[in-house]
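Residue numbers (our numbering), protein chains in the order written: chain A, 2 to 117; chain B, 2 to 114.
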C-alpha cells in the first residue's frame, strides 16, 4: 500500500524565493497534517485539514506560510518569501478520522528544506 | 512550555535486554498517547498507542504503560534488537475533538550487539 508521498525530498534555494512543498495523503484518509522539525523546537504541528477544510492553523509561524488542500488527494505548503530560518524538515501526515475511535497519523518521509 | 517531555536524549542497551523509554506530560486533558519510531532520513513510523482509559497496551515486544496520576508513560521493548536502534517520539492528543498531536523531542535508542 502506498504511504504518504511528499515531494521534493530535498530543496535548496536562496532566500526570497518561493518554496512549494507537496503532499499526497494515503488514499481514503480524510485528515492531513503539516509538521516542521527543527533541532531547537522538535516536531511541531503547523496546520491540519479535515475533509479538505483547514481546522487548526495556529502553528503556522507567520503570513509567509500558507497551505492549501484543493482535493482529498493533494496538499501544498507554500513559503513566500523564504528565509534562512525556515530551513528545517517538513513532514506531511494523514489519518482516518471520525467515529472510528483513535487512529494514528501516518507520516511521509519529509522534505529537507535549506534556505541559503 | 513543553507539554510533553522526554528527559533522556539518548539511551544505550545491550541486545536481548529490556529498553525502557520514558515520557512525562503536563496537560491533564490529554487522553490518547502514541509512540513513534524514526530512522534517519525517514518519517516517524507509528509504533503503539494507548488510550487514557487503559494503563497498559501490549503489541509483541512493545508494551506501553500509562500512569495518569503521575502523568507519565513508558515504552518497554523486550527483548531489544539492533534494528530497534532509532529515535523514539512520545506524542499526546487532547480530548475535545482536536486531532492535534503534541510531540516530545525524542530519545535516541542504541541497541548494541
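Ideal Cβ placement from N, Cα and C applies to all residues, glycine included.
Note that the structure is a prediction, hence the values are computed from the model and not measured.
Residue 45 of chain B (DSSP reduced to helix, strand or coil): Within the second chain, the letter at position 44 stands for residue 45 of chain B. Coil.
My guess is that residue 1 of chain B and residue 87 of chain B are in contact by the Cβ rule of under 8 Å, so how many angstroms apart are they, rounded? As shown, chain B starts at 2 and ends at 114. That puts residue 1 of chain B outside it, with no answer to give.
Which one or two residues does DSSP pair with residue 87 of chain B in a beta bridge? By one-based count along the second chain, residue 87 of chain B stands at place 86. Residue 87 of chain B pairs with B:110.
Residue 81 of chain A CB to nearest chain B CB: under 8 Å? Walking along the first chain from the start, residue 81 of chain A turns up at place 80. By this cut-off, residue 81 of chain A is not an interface position.
Is the number of C-beta pairs between the segment 10-24 of chain A and the segment 71-85 of chain B that are closer than 8 Å three or more? no
Which residue from B:102, B:107, B:109 and B:114 puts its Cα closest to that of residue 28 of chain B? As a first step, residue 28 of chain B must be located in the second chain, where it is residue number 27. Cα-wise, what sits closest to residue 28 of chain B is B:102.
Near-chain A residues of the segment 82-111 of chain B (beta-carbon distance less than 9 Å), N- to C-terminal order: 90, 92, 94, 99, 100, 101, 102, 103, 104, 105, 106 and 107
Could you spell out where the beta strand (DSSP E) holding residue 95 of chain A opens and where it closes? As a working note, residue 95 of chain A is residue 94 in the first chain. Element bounds for residue 95 of chain A: 89-96.
Straight-line CA distance for residue 3 of chain B to residue 104 of chain A? Looking up residue 3 of chain B in the second chain gives position 2. Looking up residue 104 of chain A in the first chain gives position 103. Each residue's Cα considered, the two are about 24 Å apart.
Below-8 Å beta-carbon distance, residue 75 of chain A vs any chain B residue: What you label residue 75 of chain A is simply residue 74 of the first chain in a count that begins at 1. It does not: the Cβ of residue 75 of chain A has no partner Cβ on chain B nearer than 8 Å.
Which word fits residue 94 of chain A, buried or exposed, when buried means at least 16 other C-beta atoms lie within 10 angstroms of its C-beta? On the first chain, position 93 is the one that residue 94 of chain A refers to. It counts as buried.
Which residues, in order along the segment 88-110 of chain A, keep a beta-carbon less than 8 Å from a beta-carbon of chain B? 92, 94, 96, 98, 103, 105, 106, 107, 108, 109 and 110
Supposed contact pair residue 44 of chain A and residue 104 of chain B - C-beta distance, whole angstroms, cut 8 Å: Position 103 of the second chain, counting from 1, holds the residue named residue 104 of chain B. Position 43 of the first chain, counting from 1, holds the residue named residue 44 of chain A. Their Cβ separation, rounded to whole angstroms, is 4 Å, which keeps residue 104 of chain B and residue 44 of chain A in contact under 8 Å.
Contacting positions in the segment 33-45 of chain B - beta carbon closer than 9 Å to chain D: Structure shown: chain D not included; protein chains present are A and B.
Euclidean distance between Cα positions of residue 65 of chain A and residue 58 of chain B: By 1-based counting over the first chain, the position of residue 65 of chain A is 64. By 1-based counting over the second chain, the position of residue 58 of chain B is 57. Distance between the alpha carbons of residue 65 of chain A and residue 58 of chain B: 42 Å.
Determine, using beta carbons only, whether residue 47 of chain B comes closer than 8 Å to chain A. Along the second chain, read from residue 1 onward, the residue named residue 47 of chain B stands at position 46. By this cut-off, residue 47 of chain B is an interface position.
For a quick check, are the C-beta atoms of residue 109 of chain A and residue 44 of chain B less than 8 Å apart? For the purposes of this step, residue 109 of chain A is taken as the residue at position 108 of the first chain. For the purposes of this step, residue 44 of chain B is taken as the residue at position 43 of the second chain. Against a cut-off of 8 Å, the Cβ pair of residue 44 of chain B and residue 109 of chain A comes out as a contact.
Can you name, in chain order, every residue of its own chain whose Cβ lies under 7 Å from the Cβ of residue 58 of chain A, other than the five neighbours on each side? On the first chain, residue 58 of chain A is found 57 positions in, with the first residue counted as 1. Same-chain partners within the cutoff: 48.
Could you give the DSSP three-state label for residue 82 of chain A: helix, strand or coil? Here residue 82 of chain A corresponds to residue number 81 of the first chain, with the count starting at 1. Note: residue 82 of chain A maps to coil in three-state DSSP.
Is residue 9 of chain B close to chain A, meaning its C-beta is less than 8 Å from at least one C-beta of that chain? Working through the second chain from its first residue, we reach residue 9 of chain B at position 8. Chain A contact via Cβ: absent.
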